[in-house]
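Engineer: Residue numbers (UniProt numbering): 1 to 77.
1) Work out the CA separation of residue 33 and residue 47 for me, nearest whole Å.
2) Suppose contacts are defined by Cβ-Cβ distances below 8 Å. Is residue 75 in contact with residue 30 by that definition?
3) Within 10 angstroms of its Cβ, does residue 40 collect 16 or more other Cβ (buried), or is it exposed?
4) Whole-angstrom Cβ separation of residue 26 and residue 54, contact assumed at under 8 Å?
Structure representation (structure tokens):
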């Protein structure tokens with residue numbers, strides 16, 4: 001029997017009704033993790049949202065910028 005996949009996408013976020021604000025999901029995740037830790041359940045929702053909405057190329061670029069201290073947003077709480 002084939003393995004069943006559970007595919008999910010990001011839920012509607014009323015903070016951003018009219019625009020593509022995927023970068024904010026990334027920022028929200030790292031702010032959450034830096035404040036509450038990776039195991040905090042709401043942080044996991046932010047992670048799933050930006051991984052669902054953002055192309056891998058964007059994530060790679062943002063990760064590199066973050067690691068080099070050049071990401072254009074403040075990520076600490």
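Using N, Cα and C, we set each Cβ at its ideal position, and we do this for glycine too.
Structural biologist: Checking against the coordinates, here is how it stands:
1) 10 Å
2) yes
3) exposed
4) 7 Å
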